[in-house]
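For the sequence shown, counting from 1, position 258 maps to 904 in my numbering; every step adds exactly one. C-beta: ideal position from N, C-alpha, C; glycine also.
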Amino acid sequence: MELSQLRTLIHVAELGSLSKAADRLHIAQPALSRQVRMLEEELGFALFLRHGRGMVLSEQGKEVLAHAMRVMAEIDEIRATATPADAPLTGEVAIGLPPTVADIISLPLAAAFGKAHPKAKLRLVSAYTGNLLDWMHRGEVDVAVLYDPRMARSLRSRPLLLENLFLIGPPDAGFSTVRAVSFASLAGKRLLLPSIKHGLRIIVERCATDAGITLDVGIEADSYSALKDLVRNGHGWTILPLAPIHADVTAGLLTAAPLIDPVPVRRLILAYPADRPASRLARFAGQAIEDIAKDLVGRAVWVGQLLGPST
Numbered sequence: 647m648e649l650s651q652l653r654t655l656i657h658v659a660e661l662g663s664l665s666k667a668a669d670r671l672h673i674a675q676p677a678l679s680r681q682v683r684m685l686e687e688e689l690g691f692a693l694f695l696r697h698g699r700g701m702v703l704s705e706q707g708k709e710v711l712a713h714a715m716r717v718m719a720e721i722d723e724i725r726a727t728a729t730p731a732d733a734p735l736t737g738e739v740a741i742g743l744p745p746t747v748a749d750i751i752s753l754p755l756a757a758a759f760g761k762a763h764p765k766a767k768l769r770l771v772s773a774y775t776g777n778l779l780d781w782m783h784r785g786e787v788d789v790a791v792l793y794d795p796r797m798a799r800s801l802r803s804r805p806l807l808l809e810n811l812f813l814i815g816p817p818d819a820g821f822s823t824v825r826a827v828s829f830a831s832l833a834g835k836r837l838l839l840p841s842i843k844h845g846l847r848i849i850v851e852r853c854a855t856d857a858g859i860t861l862d863v864g865i866e867a868d869s870y871s872a873l874k875d876l877v878r879n880g881h882g883w884t885i886l887p888l889a890p891i892h893a894d895v896t897a898g899l900l901t902a903a904p905l906i907d908p909v910p911v912r913r914l915i916l917a918y919p920a921d922r923p924a925s926r927l928a929r930f931a932g933q934a935i936e937d938i939a940k941d942l943v944g945r946a947v948w949v950g951q952l953l954g955p956s957t
């Protein structure tokens, strides 16, 4: 088994086509086809399922791909050890972010990489915590911000932020970020919330129980951008973190109020897979995320409490 075969596997899997991979790698297609075939013969099973529209990984191929990506990441890290600590790095890093977090830190994160490591390839993956956990376990994500997951031994993590959740309404709701609303006052109000499988909904339902009320959920939507649009157009109120809608509130498109008795909060962590060492790029990403969070909290854009060092 050769590194060139693993590299070919990664590119063919990403592009779904030998011809596209050949164009990207500047290698003749027959040579790439031979590499894939030799790897399949050595392993004793098909890595890809071929069809008229290209190639997709078999189930066994997906497992091999995860290992191949880890091997190539290790190779990049070996090369990085020969690079001065303050020198720009090359290679690729995949960063997982929940949608509400991606909206507020993608731009400053890209700027941080552009300044410190302009030749590095940054891949931002936006998804809910459950998906990000799966992708981390498969080796497809190197570092991620996660919302209060049930921690597993497969992760190394450190606390990042306790994020306050706000009541969000249209302009005529008259909410103010300096005037709190009691949770009990939501009784009988039409709310728009994610489905019960979503972590935010679980937190909100728990707060409702503590406040002694039952929520009236008129519409369920697992897309926070859909929730924003529904609220903006007068279909009800929702509960979200303030940061991703800060610009809408500033522009007067939405209004927001803190909730009390109880205060709904979500715990964010910064996580790395425990089954492999974090690359220098992944560690840089983690530090950049912490720096960005500190800046946004300091400017009251991201409302919450910064958490302490590693635990």
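Distance between residue j and residue i (C-alpha atoms, nearest Å)
i, j, result
"Y870", "S831", "23 Å"
"S956", "E936", "Summary for S956: the model assigns pLDDT 44, below 50, so the residue's position carries little reliability, and this model does not support an answer."
"H844", "F829", "20 Å"
"A893", "E738", "31 Å"
"I721", "T736", "12 Å"
"P676", "R784", "29 Å"
"E670", "G700", "Correcting the residue identity first, residue 670 is Arg in this sequence and not Glu. Going from the Cα of R670 to the Cα of G700 covers about 16 Å."
"L916", "P805", "6 Å"
"K666", "V949", "45 Å"
"L792", "I750", "15 Å"
"G905", "I741", "According to the sequence displayed, residue 905 carries Leu and not Gly. Distance between the alpha carbons of L905 and I741 is about 31 Å."
"T746", "R680", "44 Å"
"E705", "G944", "46 Å"
"A790", "L873", "24 Å"
"Q951", "A903", "17 Å"
"I724", "G820", "57 Å"
"L664", "D875", "42 Å"
"G858", "R852", "10 Å"
"A692", "A668", "20 Å"
"H672", "L661", "14 Å"
"L779", "A712", "14 Å"
"L888", "L678", "49 Å"
"G776", "D794", "11 Å"
Assigned exposure category for residue i - 16 Cβ within 10 Å defines buried
i, result
"S822", "exposed"
"D941", "exposed"
"M782", "buried"
"M647", "exposed"
"G898", "exposed"
"T860", "exposed"
"A674", "exposed"
"A946", "exposed"
"L689", "exposed"
"S642", "The requested residue 642 is not part of the displayed model; the chain covers only 647 to 957."
"R912", "buried"
"D788", "buried"
"V824", "exposed"
"G707", "buried"
"A756", "exposed"
"A758", "buried"
"A766", "buried"
Any chain D beta carbon closer than 8 Å to residue i
i, result
"A931", "This model lacks chain D altogether; it includes just one protein chain."
Closest Cα partner of residue i within the set the options
i, options, result
"R802", "P923, Y918 and D875", "Y918"
"T901", "G882, Q706 and L664", "G882"
"L753", "L655, M718 and A939", "A939"
"L914", "A897, P744 and L678", "P744"
"V658", "R912, V747, E688 and L695", "L695"
"V710", "D794, E786 and P890", "E786"
"G815", "D780, A756 and I885", "I885"
"A748", "P890, A833, L661 and A920", "P890"
"T855", "P908, R878 and R825", "P908"
"L655", "H672, F691 and M715", "M715"
"L927", "A733, G662 and G707", "A733"
"S841", "A920, A857, G858 and Y774", "Y774"
"P923", "G662, D780 and A719", "A719"
"A826", "A758, P910, L678 and V717", "P910"
"V895", "A833, L953 and D818", "D818"
Using a Cβ distance threshold of 8 Å, determine whether the region 798-815 contacts the region 762-775, with at least three qualifying pairs required.
no
Every unbroken beta strand (DSSP E) inside the region 783-816 [3 residues or more]
789-793 and 801-815
At a cut of 8 Å, does the region 837-848 reach the region 858-869 through at least three beta carbon pairs?
yes
Are three or more beta carbon pairs between the region 670-684 and the region 650-659 nearer than 8 Å?
yes
Count the CB pairs spanning the region 925-932 and the region 842-856 that are closer than 8 Å, and state whether there are at least three.
no
How about the region 688-706 and the region 767-780: do they share at least three Cβ pairs that are nearer than 8 Å?
no
At 3 residues or longer, what runs of the beta strand (DSSP E) sit wholly inside the region 674-757?
694-697, 700-703 and 738-743
Quick one: which unbroken alpha helix (DSSP H) runs of 4-plus residues sit fully inside the region 850-918? Chain order, please.
870-878 and 892-896
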